[in-house]
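I have placed the structure first, in the form of structure tokens, so that the comments after it can refer back to it.
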Ligand code: HEM
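In the numbering used here, the protein residues as written are 5 to 462.
Written as structure tokens, this is what we have:
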């Protein structure tokens with residue numbers, strides 16, 4: 005076997021002498037990543053920081069075979085405890101997405117059972133109600149709507165009602181504004197190379213502090229609307245996620261989560277479950293709106309299964325393979341969570357290179373799901389890639405991540421998205437009024453502006 009080469013020998017751009025490639029990654033992350041794959045191949049090294057001993061190599065692996073060891077590992081070899089994530093946790097709290105180590109393990113043991121398909125399917129009825137509301141809403145006289153706005157509203161209402169029950173009507177407009185602002189602020193804080201603790205009243209901390217106070221106050225306000233355990237009137241049989249979090253116990257220690265921990269989890273579900281699913285729906289419908297032939301096939305399948313019903317229930321979804329394939333192909337081209345990073349904690353060999361401990365290694369569904377060696381004609385929207393049998397490596401397609409830190413909300417998101425697609429396409433023909441979408445890669449990929457479509461009756 006060939007001896008492995010050093011990490012700084014990994015092919016990649018040289019970057020600007022004094023600062024490396026950090027700036028170009030910040031300016032055009034999606035373009036730089038994709039050009040990296042096409043120019044340098046399956047592993048790319050980006051020099052970060054000034055030349056000399058302070059310079060680091062930021063490694064991006066694009067091939068499924070090399071993604072596997074990064075994602076499938078436990079915290080013995082890689083960790084999510086990075087500078088970026090800690091900065092984000094300052095704003096978003098210490099829930100499942102932002103924690104690491106033993107703290108994360110304990111949280112995952114408690115939270116995971118709440119997201120089994122059996123539990124999640126019990127939210128199908130409220131998802132169907134919300135989807136029918138979107139589908140039956142009067143369309144403006146010119147038929148034009150902003151798809152992204154509509155989907156953001158749908159997913160916020162679904163995740164909000166699933167978490168807190170029905171008592172959130174008055175908070176929807178506030179959350180609608182606050183959640184994306186908070187996610188932007190968390191990302192900005194994560195990316196700051198130098199930062200002072202958030203409790204310090206510096207000018208730079210002013211906005212994130214205000215947002216954090218607003219969000220905590222808001223979630224505390226919703227939580228206080230129903231009695232907590234031990235208070236008169238507490239109902240342990242309610243099936244909203246917050247009650248289930250309050251009732252959940254760590255299978256190892258028997259311990260419950262504290263009220264502060266429940267607030268942090270609720271906040272993480274709001275953040276992780278809102279823009280991601282809205283993006284998956286927006287991009288899929290935009291693509292279907294540009295491919296009327298495929299859309300007709302999907303709509304015919306939906307009509308055959310639903311008949312006169314406005315929206316499907318959980319049991320209908322397995323009868324909608326074309327709808328599912330349309331969604332999966334939408335998430336192939338536009339994976340909401342476009343990149344994730346791990347810090348190595350032991351030496352690893354990736355694609356023939358020795359990667360030492362403390363190296364930041366990233367994987368990106370955005371690039372791998374367009375890898376020309378795996379996906380023929382990668383830019384073409386073709387849901388048939390997901391019909392029938394196919395023989396692809398595990399990490400050829402990973403919009404929900406993988407391994408121990410995979411998305412806990414995957415079944416929830418798929419159910420929610422399928423129900424909306426079925427309800428909307430049963431009634432409406434969607435026509436995209438824009439060709440290409442400009443994208444902003446924040447915590448998730450987001451369209452830069454409105455996504456105009458025309459809705460006409462089918
Ligand atoms: C289409 C929609 C969604 C996509 C594409 C998505 C994607 C992802 C990905 C890729 C990860 C792993 C990140 C990493 O490896 O660093 C993740 C983690 C997570 N997601 Fe999702 N997600 C979606 C919807 C949801 C929903 C609806 C919820 C909850 C209601 C949710 C909750 C979470 C949580 C709590 C984690 C952290 C899991 C852990 O670290 O143990 N997600 N998601």
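For glycine and all other residues, C-beta sits at the position ideal for the given N, C-alpha and C.
Cβ separation of residue i and residue j, assumed to be a contact under 8 Å, to the nearest whole Å
{"i": "residue 420", "j": "residue 162", "result": "5 Å"}
{"i": "residue 461", "j": "residue 432", "result": "7 Å"}
{"i": "residue 341", "j": "residue 405", "result": "7 Å"}
{"i": "residue 344", "j": "residue 309", "result": "Not confirmed; about 35 Å, so no contact."}
{"i": "residue 372", "j": "residue 72", "result": "Not quite, the Cβ-Cβ distance comes to about 11 Å (not below 8 Å), so this is no contact."}
{"i": "residue 44", "j": "residue 26", "result": "Contact flag wrong, Cβ pair sits at about 17 Å."}
{"i": "residue 332", "j": "residue 287", "result": "The pair is not a contact, with the Cβ atoms about 12 Å apart (cut-off 8 Å)."}
{"i": "residue 346", "j": "residue 365", "result": "5 Å"}
{"i": "residue 41", "j": "residue 375", "result": "7 Å"}
{"i": "residue 528", "j": "residue 245", "result": "Nothing in the structure corresponds to residue 528, since the chain is present only between 5 and 462."}
{"i": "residue 54", "j": "residue 18", "result": "About 13 Å; that fails the 8 Å criterion."}
{"i": "residue 139", "j": "residue 314", "result": "7 Å"}
{"i": "residue 182", "j": "residue 218", "result": "6 Å"}
{"i": "residue 35", "j": "residue 12", "result": "Incorrect: roughly 24 Å between the Cβ atoms, too far for contact."}
{"i": "residue 302", "j": "residue 195", "result": "About 38 Å separates the two Cβ atoms, so there is no contact after all."}
{"i": "residue 105", "j": "residue 133", "result": "That belief does not hold up - the Cβ atoms of residue 105 and residue 133 are roughly 40 Å apart, past 8 Å."}
Cβ-Cβ distance between residue i and residue j below 7 Å
{"i": "residue 430", "j": "residue 266", "result": "no"}
{"i": "residue 456", "j": "residue 437", "result": "yes"}
{"i": "residue 424", "j": "residue 136", "result": "no"}
{"i": "residue 92", "j": "residue 102", "result": "yes"}
{"i": "residue 426", "j": "residue 316", "result": "yes"}
{"i": "residue 248", "j": "residue 441", "result": "no"}
{"i": "residue 47", "j": "residue 14", "result": "yes"}
{"i": "residue 215", "j": "residue 186", "result": "yes"}
{"i": "residue 285", "j": "residue 131", "result": "no"}
{"i": "residue 254", "j": "residue 110", "result": "yes"}
{"i": "residue 115", "j": "residue 96", "result": "no"}
{"i": "residue 463", "j": "residue 363", "result": "Here the chain covers residues 5 to 462 and nothing more, so residue 463 does not appear."}
{"i": "residue 68", "j": "residue 325", "result": "no"}
{"i": "residue 159", "j": "residue 283", "result": "no"}
{"i": "residue 38", "j": "residue 445", "result": "no"}
{"i": "residue 355", "j": "residue 70", "result": "yes"}
{"i": "residue 128", "j": "residue 281", "result": "no"}
{"i": "residue 459", "j": "residue 147", "result": "yes"}
{"i": "residue 229", "j": "residue 171", "result": "yes"}
{"i": "residue 422", "j": "residue 261", "result": "no"}
{"i": "residue 206", "j": "residue 200", "result": "yes"}
{"i": "residue 94", "j": "residue 202", "result": "yes"}
{"i": "residue 220", "j": "residue 231", "result": "no"}
{"i": "residue 211", "j": "residue 233", "result": "no"}
{"i": "residue 76", "j": "residue 353", "result": "no"}
Continuous beta strand (DSSP E) assignments of at least 3 residues falling wholly in the region 25 to 63: Look at the region 25 to 63 and you find these whole runs of beta strand (DSSP E), each 3 residues long or longer: 47 to 52.
Extract the residue ranges of the alpha helix (DSSP H) inside the region 149 to 189, only unbroken runs of 4 or more that lie entirely within it. Runs of alpha helix (DSSP H) with 4 or more residues, each lying fully within the region 149 to 189, are found at 151 to 168, listed in chain order.
Just checking, does the region 122 to 131 make contact with the region 152 to 166 on the three C-beta pairs under 8 Å criterion? Judged by Cβ distances under 8 Å, the region 122 to 131 makes contact with the region 152 to 166, as three or more pairs qualify.
Would you say the region 259 to 274 touches the region 141 to 151, given that touching needs at least three Cβ pairs under 8 Å? No, the region 259 to 274 does not touch the region 141 to 151.
Contact the region 46 to 61 vs the region 350 to 364: 3+ CB pairs below 8 Å: Inter-segment contact for the region 46 to 61 and the region 350 to 364 is present: three or more beta-carbon pairs are separated by less than 8 Å.
Does the structure place the region 377 to 386 close enough to the region 283 to 298 that three or more beta carbon pairs sit under 8 Å? Here the region 283 to 298 lies against the region 377 to 386, with 3 or more beta-carbon pairs under 8 Å apart.
Stretch pair the region 297 to 311 + the region 188 to 195: three plus CB contacts closer than 8 Å: With the cut-off at 8 Å, the region 297 to 311 and the region 188 to 195 do not touch.
Pairs of beta-carbons, one from the region 370 to 384 and one from the region 394 to 401, closer than 8 Å: are there three or more? Judged by pairs of C-beta atoms under 8 Å, the region 370 to 384 touches the region 394 to 401, as three or more such pairs exist.
Touching or not, the region 276 to 285 and the region 411 to 418, by the rule of three or more beta carbon pairs under 8 Å? Between the region 276 to 285 and the region 411 to 418 there are three or more inter-stretch CB-CB distances shorter than 8 Å, so the stretches are counted as touching.
Every unbroken alpha helix (DSSP H) inside the region 249 to 291 [4 residues or more]: Those alpha helix (DSSP H) runs which fall completely within the region 249 to 291 and span 4+ residues are 263 to 276.
Taking only runs of the alpha helix (DSSP H) that begin and end inside the region 386 to 460, which ones reach a length of at least 4 residues, in chain order? Counting whole runs of 4 or more residues, the region 386 to 460 contains the alpha helix (DSSP H) stretches 414 to 431.
Whole alpha helix (DSSP H) runs in the region 316 to 352 with 4 or more residues, listed along the chain? Counting only runs of 4 or more, we get 325 to 337.
Runs of alpha helix (DSSP H) wholly within the region 75 to 153 (minimum 4 residues, chain order): Segments of the alpha helix (DSSP H) lying fully in the region 75 to 153: 87 to 96, 105 to 115, 121 to 125, 128 to 140.
Start-end ranges of the beta strand (DSSP E) lying completely within the region 196 to 247, minimum 3 residues: Taken in chain order, the whole beta strand (DSSP E) runs of length 3 or more contained in the region 196 to 247 number zero.
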